[in-house]
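Worksheet: one structure, shown below.
Quick look at the structure:
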């Protein structure tokens, strides 16, 4: 009895799709057939699959050879919140913001030479 109920539920679930397939098969013009297939398959937004995309295996690196300025370092330090826990270097954000930027910019530029 339970098996028959499951089969009946499956048949009822397949019925709308079977009707659409029968409608497509009865069409004579191929353009209308493709339109009907697109309409059926567009039931919702299609998931974006990474494998369907063309993936570039090479990376383009934008490399600026200009030295880092103290203003650039200060701009980056302004984004750091005061009063937060310091990182693994144990340098508080306040010290980074107020006075360390010119020295750090010089150190970074020297290390890249």
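In the numbering used here, the protein residues as written are 1 to 113. By construction, the Cβ of each residue, glycine as well, lies at the ideal position given by its N, Cα and C atoms.
For residue 11, the enclosing alpha helix (DSSP H) covers residues 2 to 26. Here the alpha carbons of residue 15 and residue 35 stand approximately 21 angstroms from one another.
Leaving aside the five residues that flank residue 23 on each side, the residues in its chain whose CB is nearer than 7 angstroms to its CB run, in chain order, 36. Assigned with DSSP and collapsed to three states, residue 40 falls in helix.
A residue is called buried when at least 16 other Cβ atoms come within 10 angstroms of its Cβ; residue 95 does not meet this threshold and is exposed. In the displayed model, residue 30 falls within a helix according to three-state DSSP. Burial check for residue 73: the Cβ neighbour count within 10 Å reaches 16 or more, so the residue is buried. Each residue's CA atom was taken as its position, placing residue 101 and residue 107 some 10 angstroms apart. Annotation: the continuous alpha helix (DSSP H) that includes residue 94 extends over 93 to 97.
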